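In UniProt numbering, the protein residues as written are 1 to 302.
Ideal Cβ placement from N, Cα and C applies to all residues, glycine included.
Please read all numbers here as calculations on a predicted model, not as lab measurements.
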């Protein structure tokens with residue numbers, strides 16, 4: 001069996017470490033907005049919250065500021081792992097694609113190359129993100145779906161109950177919806193990021209690798225906003241499928257859920273909770289990309 005070169009081991013360790021740091025930065029900045037988004041998207045009818053601001057006020061009043069960070073443990077640890085897998089898959093596929101095309105694994109990708117590698121990364125990412133997000137949304141919505149009863153004592157208890165009832169497959173409820181969401185999401189995420197970096201680099205007459213932290217922050221933020229807007233309908237469907245009753249499900253699958261939402265709420269129903277999404281998308285994704293890029297630069301210095 002052929003051994004990997006040390007540089008390949010270093011590249012893998014670097015991408016995994018930097019991805020973890022980027023994911024944790026993204027979670028700390030964006031989790032309060034994520035909580036509001038999920039509660040707005042999954043509230044019963046008639047709605048409990050009028051809008052994002054109303055949801056924020058009620059959450060803080062009834063649960064304190066900690067209510068905004070409810071369910072943060074799974075994503076803080078899990079999104080770190082998710083982003084480690086995401087960026088590792090993206091960087092590995094990018095190096096492989098560049099080597100096939102240019103006979104060199106390094107360099108800046110074209111926009112279409114970044115988008116293609118992003119789709120591969122999205123598929124790989126789904127394996128980790130599905131169980132992490134399932135536990136997160138169940139913790140975030142347990143008081144909305146059952147106001148008088150605490151269903152789960154915490155993330156470990158939530159995972160334990162799901163595995164106890166349904167086996168390991170219970171952690172992958174909504175997996176198909178997750179994959180359908182992740183492919184276009186990360187095609188735009190990485191494609192737009194590289195496109196914006198290319199535009200800024202040409203404007204400032206720099207290489208993309210020489211861009212300043214503020215420039216990377218802005219590129220990451222705008223890339224995140226575009227990706228979040230595109231994936232919101234798929235995310236809404238995923239959340240509905242993941243929080244529905246395990247014993248008496250409302251939706252038979254992804255297509256059925258799309259049809260029901262469209263029938264009951266129209267096209268705008270897919271964009272419920274868009275306010276918190278947009279408020280979260282820029283700072284959270286900017287922090288994610290900046291955390292990753294800065295970590296890579298620091299690790300490359302060793």
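By the criterion of at least three beta-carbon pairs nearer than 8 Å, the region 147–156 is not in contact with the region 96–113. Judged by their CB atoms, residue 242 and residue 134 are nearer to each other than the 8 Å cut-off. The C-beta separation of residue 188 from residue 128 comes to about 20 Å, leaving the pair out of contact by the 8 Å criterion. Counting only unbroken stretches of 4 or more residues, the alpha helix (DSSP H) elements lying wholly within the region 150–177 are 155–166, in sequence order. The beta carbon of residue 34 is closer than 7 Å to those of 280 in its chain, skipping five residues each way along the sequence.
Note on geometry: alpha-carbon atoms of residue 122 and residue 92 lie some 13 Å from one another.
Collapsing the DSSP output to three states places residue 62 in a helix. Nearest in C-alpha terms to residue 183, of all of 249, 124 and 11, is 124. Excluding the 5 residues flanking it on each side, residue 238 has same chain C-beta neighbours closer than 6 Å at 174, 177, 178 and 181, in chain order. The closest CA to that of residue 110, considering only 194, 292 and 214, is found on 194. Per the coordinates, the alpha-carbon of residue 72 lies some 13 Å from the alpha-carbon of residue 36. Of the candidates 297, 287 and 116, 287 places its Cα closest to the Cα of residue 83. Residue 137 and residue 226 have their C-alpha atoms roughly 23 Å apart. Annotation for residue 282: the continuous alpha helix (DSSP H) segment containing it runs 274–300. In this structure, the alpha-carbon of residue 250 lies about 53 Å from that of residue 301. With fewer than 16 other Cβ atoms from the protein chains shown falling within 10 Å of its own Cβ, residue 8 counts as exposed. Judged by DSSP in its simplified three-state form, residue 49 adopts coil rather than helix or strand.
Residue 120 and residue 190 have their alpha carbons spaced roughly 11 Å apart.
Within the region 196–271, the alpha helix (DSSP H) runs of at least 4 residues that lie entirely inside it are, in chain order, 213–243 and 254–265.
DSSP places residue 104 outside both helix and strand once states are collapsed to three, so it counts as coil. Counting along the chain, the unbroken alpha helix (DSSP H) around residue 32 starts and ends at 6–42. Rounded to whole angstroms, the separation of the alpha carbons of residue 89 and residue 168 is 24 Å.
In the three-state DSSP reduction, residue 67 falls in the helix class (H, G or I). Counting other Cβ atoms within 10 Å of its Cβ, residue 149 stays below 16 and is therefore classed as exposed. The beta carbon of residue 244 sits closer than 7 Å to those of 250 and 251, all from its chain and outside the five residues before and after it, given in chain order. Between the region 54–61 and the region 36–46 there are three or more inter-stretch CB-CB distances shorter than 8 Å, so the stretches are counted as touching.
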